[in-house]
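*Asks:* Offset between the sequence shown (1-based) and this note's numbering: plus 15. The structure that follows is given in the form of structure tokens.
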Amino acid sequence: MRIQLKANNAGRLISRGRGGHISRIIRNWELIFVLKSRLEMFVGGESFDVTAEHCLLLPPGIRHGGRGGYTPDLSFFWIHFLPADRKSEQYLKKLPRRFKAMNPARLSEYFQLFLSLQEDSPEDEEGLDMLVQLILHEACRKTGENSTAKELPPLVQHLRKTLFLRFREPLSTSLLAKELQCNPDYLGRLYRNYFNESITDALNRIRIRHAAELLRTSSLNVAQIADEVGFNDPAYFRRRFFRCYAMSPGAYRKLKMQEFVNTE
Numbered sequence: 016m017r018i019q020l021k022a023n024n025a026g027r028l029i030s031r032g033r034g035g036h037i038s039r040i041i042r043n044w045e046l047i048f049v050l051k052s053r054l055e056m057f058v059g060g061e062s063f064d065v066t067a068e069h070c071l072l073l074p075p076g077i078r079h080g081g082r083g084g085y086t087p088d089l090s091f092f093w094i095h096f097l098p099a100d101r102k103s104e105q106y107l108k109k110l111p112r113r114f115k116a117m118n119p120a121r122l123s124e125y126f127q128l129f130l131s132l133q134e135d136s137p138e139d140e141e142g143l144d145m146l147v148q149l150i151l152h153e154a155c156r157k158t159g160e161n162s163t164a165k166e167l168p169p170l171v172q173h174l175r176k177t178l179f180l181r182f183r184e185p186l187s188t189s190l191l192a193k194e195l196q197c198n199p200d201y202l203g204r205l206y207r208n209y210f211n212e213s214i215t216d217a218l219n220r221i222r223i224r225h226a227a228e229l230l231r232t233s234s235l236n237v238a239q240i241a242d243e244v245g246f247n248d249p250a251y252f253r254r255r256f257f258r259c260y261a262m263s264p265g266a267y268r269k270l271k272m273q274e275f276v277n278t279e
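Written out as structure tokens, the structure reads:
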């Protein structure tokens, strides 16, 4: 369902082990996404234990607050927003209070993009509105991988394991099909049936995810990272990275060096 939201503001809290979430009633909706540790909250008469990779959706007009102090290693994103129309408001009211993010890494990236835009271009209301809609869509999205609804056959299980363990190698659908002793077209159709993407796209997505981690945690340059994760062409790596993150590897690394945080 397509909904329209108006963004207010957002932030990230990194706890030092002091204080806790205040008890209050707010006039807008709030989404909390816990990155690390756990956050104990009450919403009206309900209690919630929100652990890492889980979200809590707080409605307006209902008192909420913490049920205990912040733990020293707690970290979470938060964002405030309003529905732009009645249809969107009704959609929000039907959502569960607490739910697990299917792709925590991607949701974290979307929060970081919002915080970056909020910092650099707070007047860009249209861009901020689009990002809060993207954040909520990703937070509430059910897994796009139909493996939860369909049991994976052994051939697909073997293929998935190979992609995750050997993504640095020069793999191709033809090579994988030869190793698995099946037809390449059949293997490609079978994989797409379960994961709604090609084998090549899946392999590149895995490589890009590892590249993003290296951009955050290592001092390797872009060409070195491209080679490390299995791309032999840095220009092609940059194009694939931009397609995934809507920014260059260099811009991504710069963004990750910035901190948009508040403490107790």
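A virtual CB, placed ideally from N, CA and C, is assigned to each residue, including glycine. This one's a predicted model, so the numbers in the text were calculated from it and none came from an experiment.
How should Q172 be labelled, buried or exposed, when 16 other C-beta atoms within 10 angstroms of its C-beta is the threshold for buried?
*Replies:* Here the question's residue 172 lines up with position 157 in the sequence shown. Counting Cβ neighbours within 10 Å, Q172 comes out exposed, since fewer than 16 surround it.
*Asks:* Please list the terminal residues of the continuous alpha helix (DSSP H) segment that includes S213.
*Replies:* Stepping through the sequence shown from its first residue, residue 213 is reached at position 198. It is not in any alpha helix (DSSP H) - S213 carries neither H nor E in the DSSP assignment.
*Asks:* Could you check if L180 is buried or exposed, using at least 16 other CB atoms within 10 Å of its CB as the buried criterion?
*Replies:* Mapped onto the sequence shown, residue 180 falls at position 165. Under this definition L180 is an exposed residue.
*Asks:* Note down, in chain order, each residue of its chain lying with its Cβ closer than 6 angstroms to the Cβ of G59, except the 5 sequence neighbours on either side.
*Replies:* Numbered from its first residue, the sequence shown carries residue 59 at position 44. Excluding sequence neighbours, G59 sits near I77.
*Asks:* If you drop the 5 nearest sequence neighbours on each side, which residues of the same chain put their C-beta closer than 8 angstroms to that of R53?
*Replies:* One-based indexing of the sequence shown puts residue 53 at position 38. Cβ within range, chain order: D64, V65, T66, A67, T86 and L89.
*Asks:* Restricting to Cα atoms, I'd like to know which of R39, G32, I40 and A25 is closest to F48.
*Replies:* As a working mapping, residue 48 is identified with position 33 in the sequence shown. Comparing Cα positions, the closest option is A25.
*Asks:* Provide the residue span of the alpha helix (DSSP H) that contains R121, from first to last.
*Replies:* As a working note, residue 121 is residue 106 in the sequence shown. Its alpha helix (DSSP H) spans residues P119 to D135.
*Asks:* Leaving out five residues before and five after L143 in sequence, what residues of the same chain have Cβ atoms less than 7 angstroms from its Cβ?
*Replies:* If you number the sequence shown from 1, residue 143 lands on position 128. So the list reads A22, F129, L132 and Q133, once near-sequence residues are dropped.
*Asks:* From the DSSP output, which residues share a beta bridge with S90?
*Replies:* Counted from its first residue, the sequence shown places residue 90 at position 75. According to DSSP, S90 bridges with I29 and K51.
*Asks:* Let me make sure I understand the geometry here. Which of E166, R17 and L71 has the alpha-carbon closest to that of Y209?
*Replies:* What you label residue 209 is simply residue 194 of the sequence shown in a count that begins at 1. Ranking E166, R17 and L71 by Cα distance to Y209 puts E166 first.
*Asks:* Roughly how many angstroms lie between the CA atoms of Y201 and E194, to the nearest whole one?
*Replies:* The residue you call residue 201 lines up with position 186 of the sequence shown. The residue you call residue 194 lines up with position 179 of the sequence shown. Roughly 14 angstroms between the two C-alpha positions.
*Asks:* In whole angstroms, what separates the C-alpha of F91 from that of E140?
*Replies:* Sequence index remark: in the sequence shown, residue 91 carries index 76 (1-based). Sequence index remark: in the sequence shown, residue 140 carries index 125 (1-based). Roughly 23 angstroms between the two C-alpha positions.
*Asks:* Can the beta-carbon of C259 be found closer than 9 angstroms to that of I223?
*Replies:* Within the sequence shown, numbered from 1, the residue matching residue 259 stands at position 244. Within the sequence shown, numbered from 1, the residue matching residue 223 stands at position 208. Against a cut-off of 9 angstroms, the Cβ pair of I223 and C259 comes out as a contact.
*Asks:* Throw me the rounded Cβ distance for the L235 and E228 pair, which I believe falls under 8 angstroms.
*Replies:* Working through the sequence shown from its first residue, we reach residue 235 at position 220. Working through the sequence shown from its first residue, we reach residue 228 at position 213. Their Cβ separation, rounded to whole angstroms, is 11 angstroms, which puts L235 and E228 out of contact at 8 angstroms.
*Asks:* Alpha carbon to alpha carbon, how far is L73 from R33? Give it in angstroms, no decimals.
*Replies:* Within the sequence shown, numbered from 1, the residue matching residue 33 stands at position 18. Within the sequence shown, numbered from 1, the residue matching residue 73 stands at position 58. Rounded to the nearest angstrom, the two C-alpha atoms are 23 angstroms apart.
*Asks:* Rank R254, I41 and K109 by C-alpha distance to the C-alpha of G80 and give the top, closest one.
*Replies:* What you label residue 80 is simply residue 65 of the sequence shown in a count that begins at 1. Of the listed residues, the one whose Cα sits closest to G80 is I41.
*Asks:* One question on the structure: do L122 and A154 come within less than 9 angstroms of each other, judged by their Cβ atoms?
*Replies:* One-based indexing of the sequence shown puts residue 122 at position 107. One-based indexing of the sequence shown puts residue 154 at position 139. Yes; because the gap between Cβ atoms is below 9 angstroms, this pair is in contact.
*Asks:* Does L146 get closer than 9 angstroms to chain D when you measure Cβ to Cβ?
*Replies:* Included in the structure is just one protein chain, with no chain D present.
*Asks:* Buried or exposed for Q105, going by 16 or more other Cβ atoms inside 10 Å?
*Replies:* On the sequence shown, residue 105 is found 90 positions in, with the first residue counted as 1. Flag for Q105 reads exposed.
*Asks:* With C-beta atoms as the reference, is L205 less than 9 angstroms away from L191?
*Replies:* Numbered from its first residue, the sequence shown carries residue 205 at position 190. Numbered from its first residue, the sequence shown carries residue 191 at position 176. Contact flag unset, no.
*Asks:* Thinking C-alpha only, which one of L170, A116, S189 and P137 is nearest H152?
*Replies:* Stepping through the sequence shown from its first residue, residue 152 is reached at position 137. It is A116 whose Cα lies nearest to the Cα of H152.
*Asks:* Note the first and the last residue of the continuous beta strand (DSSP E) segment covering C70.
*Replies:* For the purposes of this step, residue 70 is taken as residue 55 along the sequence shown, with counting starting at 1. C70 -> beta strand (DSSP E) spans H69 to L73.
*Asks:* Could you have a look at R17 and say whether DSSP puts it in helix, strand or coil?
*Replies:* Numbered from its first residue, the sequence shown carries residue 17 at position 2. Three-state DSSP puts R17 in coil, outside helix and strand.
*Asks:* Report the rounded CA-to-CA distance for E274 versus M145, giving the unit in angstroms.
*Replies:* Locating residue 274 in the sequence shown gives position 259, where the first residue counts as 1. Locating residue 145 in the sequence shown gives position 130, where the first residue counts as 1. Low per-residue confidence applies at E274: pLDDT is 49, beneath 50, and the placement is therefore not dependable enough to give any value.
*Asks:* In chain order, what residues of the same chain lie with their CB nearer than 6 angstroms to the CB of F8, ignoring the 5 residues before and after it?
*Replies:* Within the shown structure, residues of the chain are numbered from 16 to 279, placing residue 8 beyond reach of any answer.
*Asks:* Output yes or no for whether 9 angstroms exceeds the beta carbon distance between A107 and P98.
*Replies:* Along the sequence shown, read from residue 1 onward, the residue named residue 107 stands at position 92. Along the sequence shown, read from residue 1 onward, the residue named residue 98 stands at position 83. Looking at the sequence provided, one finds Leu at residue 107 rather than Ala. Contact: yes.
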